[in-house]
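Here the numbering used here is used: the first residue of the sequence shown is 5, the next is one more, and so on.
Backbone N, C-alpha and C define an ideal beta-carbon position, used for all residues, glycine too.
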Amino acid sequence: MTNINNIGVYTSGGDAPGMNAAIRAVVKTAHFYNIEVTGIRLGYEGMINGDMMPMKLKSVGNILHRGGTILKTARSAEFRTDEGKQKAYKQLKRHGVDALVAIGGDGTFTGANKFSELFDIPVIGIPATIDNDLKGTDFTIGYDTALNTVIRSVDQIRDTAESHDRLFIVEVMGRDSGMIAMHSGIAAGAEAVMIPEVKNNLEPLFKRLEESKHQKNSKILIVAEGQEIGGGFEIGQIIKERFPHYDTRVSVLGHMQRGGHASCADRVLASRLGVAAVEGLMNGRTREMVGVRHNDVVYVKLDEAILQPSELDLNLLKIIELLS
Ligand code: F6P
């Protein structure tokens with residue numbers, strides 16, 4: 005057992021539904037074990053500027069379901085510098101923080117890992133990003149909610165697409181990862197998906213659109229924003245030129261994918277990981293991410309969790325082809 009008195013908790017990078025559920029779990033678990041919690045606002049920016057306050061049970065009342073993050077979030081250029089990290093460490097000392105729980109994605113974990121190494125402060129990461137692009141965990145917090153938001157939207161787009169016999173290109177989030185595009189593509193019955201992990205995918209797409217010309221009245225193509233040729237509008241332009249007979253429209257779902265009440269799966273995941281993060285610190289763990297593998301809680305080295313590429317199963321493309 006390691007003696008920990010005060011855990012600093014923060015959210016950093018893009019927000020994700022379920023971050024609040026994770027904050028709540030950290031605060032409640034720490035309280036159960038008589039450990040103080042300091043909430044750090046605006047991620048590493050708040051750490052540098054000393055924007056911190058004690059968190060009591062009351063601080064996390066009625067937040068379990070809420071999207072966004074009550075601690076707010078930011079990306080910090082200053083924290084990448086040695087001076088920035090020095091300032092942050094001084095502030096943590098001033099507030100009596102002797103361990104950290106970092107809630108976020110790969111950028112958050114990269115910073116946490118270096119910081120912990122430099123100042124020998126224990127840190128555990130909780131994976132929270134709608135992109136589901138961390139290694140060593142089957143799911144990240146926010147991914148399930150975002151997927152459900154996407155398929156609800158695509159179902160609605162399908163209604164209008166079907167009524168007008170249109171081809172819709174729907175752009176979803178995923179700067180480096182096709183997780184959202186691939187899984188929403190299967191769940192919404194898309195004709196094809198375009199993802200960053202697959203290069204040169206224009207010809208196969210043309211072939212599919214050619215073949216399915218007379219099959220369905222409406223067609224949905226889901227494009228991950230980070231795929232190599234461009235986003236929804238760029239693909240839309242290419243398709244309009246190549247298939248002028250299709251009545252083509254583009255819909256960019258954008259940041260609505262990051263908001264909304266967390267799904268049941270995300271609330272359960274965030275609660276499990278929040279408890280395990282605090283208990284991990286108490287058991288002397290550090291520089292690890294807590295995740296789930298085959299429904300078991302696992303700890304993975306932070307530097308392994310951030311390795312690219314993510315674990316997207318490209319065999320799923322066949323399912324899209326087969327079932328569309
Ligand atoms: O949270 C991850 C993510 O949603 C990416 O898929 C996307 O590219 C990025 O965040 C956009 O974030 P922002 O607009 O906050 O820079």
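Minimum C-alpha distance to residue i - residue among the options
i, options, result
"Thr42", "Leu225, Gly12 and Arg170", "Gly12"
"Arg45", "Ser16, Lys203, Ala196 and Ala25", "Ser16"
"Leu213", "Phe172, Asp142, Pro200 and His99", "Phe172"
"Ile224", "Asp270, Ile233 and Val176", "Val176"
"Ile190", "Ser275, Leu151 and Ile125", "Leu151"
"Pro126", "Glu87, Asp148, Asn287 and Lys217", "Asn287"
"Gly284", "Ser267, Arg271 and Val302", "Val302"
"Asp148", "Arg162, Tyr250, Pro131 and Val31", "Pro131"
"Gly65", "Gly47, Asp169, Val30 and Gly108", "Val30"
"Val128", "Gln160, Ala185, Ile8 and Ser267", "Here the sequence assigns Ile to residue 128, which means Val is not the residue at that position. Checking every option, the nearest Cα to that of Ile128 belongs to Ile8."
"Arg70", "Lys62, Ala20, Arg291 and Val294", "Ala20"
"Pro200", "Ile226, Arg271, Asp180 and His168", "Asp180"
"Ser255", "His265, Ile239, Ala269 and Gly140", "Ile239"
"Leu273", "His35, Phe143 and Thr6", "Phe143"
"Ser167", "Thr77, Lys217 and Asn221", "Asn221"
"Thr6", "Val304, Glu315, Arg289 and Ser328", "Arg289"
Check: residue i C-beta below 7 angstroms from any heavy atom of the ligand F6P
i, result
"Thr133", "yes"
"Glu245", "no"
"Gly129", "no"
"Arg162", "no"
"Met23", "no"
"Glu121", "no"
"Glu229", "yes"
"Gly178", "yes"
"Gly18", "yes"
"Arg262", "yes"
With 16 other Cβ atoms within 10 Å as the buried cut-off, status of residue i
i, result
"Thr164", "exposed"
"Lys89", "buried"
"Ala81", "exposed"
"Glu207", "exposed"
"Thr73", "buried"
"His187", "buried"
"Tyr37", "exposed"
"Asp300", "exposed"
"Ser267", "buried"
"Glu195", "buried"
"Arg291", "buried"
"Leu321", "buried"
"Asp102", "buried"
"Glu215", "exposed"
"Gln219", "exposed"
"Thr153", "buried"
"Thr141", "buried"
DSSP beta-bridge partners of residue i
i, result
"Glu40", "Asn10"
"Lys223", "Leu171"
"Arg56", "For the sequence presented, residue 56 should be read as Met rather than Arg. Partner(s): Ile44."
"Tyr303", "Val294"
"Val30", "The partner list for Val30 (beta bridge, DSSP) is empty, contrary to what the question assumes."
"Gly140", "In DSSP, Gly140 forms no bridge with anything."
"Pro131", "Gly108"
"Thr252", "Leu171"
"Ile145", "Ala132"
"Glu15", "Strictly speaking, residue 15 in this sequence is Thr, with Glu absent from that position. For Thr15, which the question treats as bridged, DSSP gives the partners Ile107."
"Ala196", "Leu225"
"Val176", "Ala228"
With a cut-off of 8 angstroms, do at least 3 Cβ pairs link the region 241 to 261 to the region 272 to 287? no
Stretch pair the region 135 to 151 + the region 117 to 124: three plus CB contacts closer than 8 angstroms: Three or more Cβ pairs closer than 8 angstroms define a contact, and the region 135 to 151 falls short of that threshold against the region 117 to 124.
Under 8 angstroms, with one C-beta from each stretch per pair, do the region 307 to 314 and the region 98 to 118 reach the 3-pair mark? yes
Kindly confirm or deny that the region 258 to 277 and the region 92 to 99 touch, where touching means at least three C-beta pairs closer than 8 angstroms. no
For the region 46 to 56 and the region 250 to 257, state whether three or more C-beta atom pairs, one from each stretch, are separated by less than 8 angstroms. no
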